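Below: one structure, written as structure tokens.
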Amino acid sequence: MLTITDLHVSYGRRQVLRGISAGCGEPGTVTGLVGPNAAGKSTLVKAVAGVCPIASGQAQVELDGTVLKGRARQRALGYVPQDVLSSASLTVFESVVISARGAVEDPLTASAEALERLGIAGLAQRSVRELSGGQRQLVAVAQMLVRRPHVLLLDEPTSALDLRHQVELLQLTRQEVRERDAVALVVLHDLNLAARYCDQLLVLADGQVVEHGTPAQVLRADLLEQVYGLRARVLDDEGTPVVCPVATTCG
Ligand SMILES: Nc1ncnc2c1ncn2[C@@H]1O[C@H](COP(=O)(O)OP(=O)(O)OP(=O)(O)O)[C@@H](O)[C@H]1O
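Using the working numbering, you'd call the opening residue of the sequence shown number 547 and step up by one each time.
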């Protein structure tokens, strides 16, 4: 379980997160973190991942009734940052094995399995440096998944992927958390993918939570207008909301 309580984060004197509180779902669920540019989504994920200092409040990770601290907390977290830059002169397989070390019993087998699950086993012997943006993004997810974290933190994991790979990655994320009773917090800009593959959505704007609920509860025309300044119709596809922007004079 991941529980965020009254979390404040500042960059210098600039307050970016202003009292975020949210429980990120029951075990086995995916929470989509959505909202406009500069809302504070990446900052929230970084604060939970422990890579950006928290001014006040907390992001508590609980496993089997115990609140995790220190190294145990870090081990339970898996983080894929927004920019997966790598200049490492490693092969894909080596980079995943290094990530797996210390986290799983058999890093070689676990790494091969992770690459297989992501459909990138064919890249195993390629140099990470030579990969395309989308391939690199999938390798970064493999490096995270291979550690079998309890809390998966993915910051725009689909930004470089084609539609098929976006769908497959989100399906895999959902399958992974369900199989292992883990939780995932996933930053997404595509509201229709978020609606389809997330159990709940947390909407941030200007460093605060605007709405939190199931996709059908959250994705309403009035909310889209309020948060994004976007006129849209929201259709219903057998219980899943589908956002259709209304054409403006320039569109
Ligand atoms: N390292 C930093 N130093 C100073 N300000 C920062 C830093 N990182 C982010 N910010 C500022 O914090 C605010 C929130 O940024 P953040 O990246 O968390 O937003 P976001 O919701 O993830 O945006 P996007 O959807 O555009 O990726 C922005 O105003 C940004 O300029």
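The beta-carbon is built from N, C-alpha and C at its ideal position, and this holds for glycine as well. Values in this document were obtained by computation on a predicted structure and should not be read as measured data.
query: What is the DSSP secondary structure of I644, reduced to helix, strand or coil?; result: helix
query: Out of L770, L776, L765, point me to the one whose CA is closest to T786's CA.; result: L765
query: Is DSSP giving V665 helix, strand or coil here?; result: Contrary to the premise, residue 665 reads as Gly rather than Val in this sequence. G665: coil per DSSP, three-state reduction.
query: May I have a chain-ordered list of the beta strand (DSSP E) segments no shorter than 3 residues that lie completely inside the segment 696-752?; result: 697-701, 729-733, 746-751
query: I'd like the ranges of any alpha helix (DSSP H) spanning at least 4 consecutive residues and lying wholly in the segment 557-640.; result: 587-595, 616-622
query: Following a CB-centred definition, is A740 positioned closer than 7 Å to any heavy atom of ligand 1?; result: no
query: Taking the continuous alpha helix (DSSP H) assigned at A686, which residues delimit it?; result: 679-691
query: Using a threshold of 8 Å, state whether the C-beta atoms of L689 and S641 are closer than that.; result: Strictly speaking, residue 689 in this sequence is Gln, with Leu absent from that position. Contact: yes.
query: What do you reckon, are the CB atoms on L699 and L770 nearer than 8 Å?; result: no
query: Considering only heavy atoms of ligand 1, does any lie closer than 7 Å to the CB of G775?; result: no
query: Could you name the residues whose beta carbon sits closer than 5 Å to any heavy atom belonging to ligand 1, keeping them in chain order?; result: Y557, V562, N583, A584, A585, G586, K587, S588, T589
query: Are the CB atoms of M547 and P573 within a distance shorter than 8 Å?; result: yes
query: Note down the Cα distance separating A618 from L609, rounded to an integer number of angstroms.; result: 10 Å
query: One question on the structure: do A605 and I644 come within less than 8 Å of each other, judged by their Cβ atoms?; result: no
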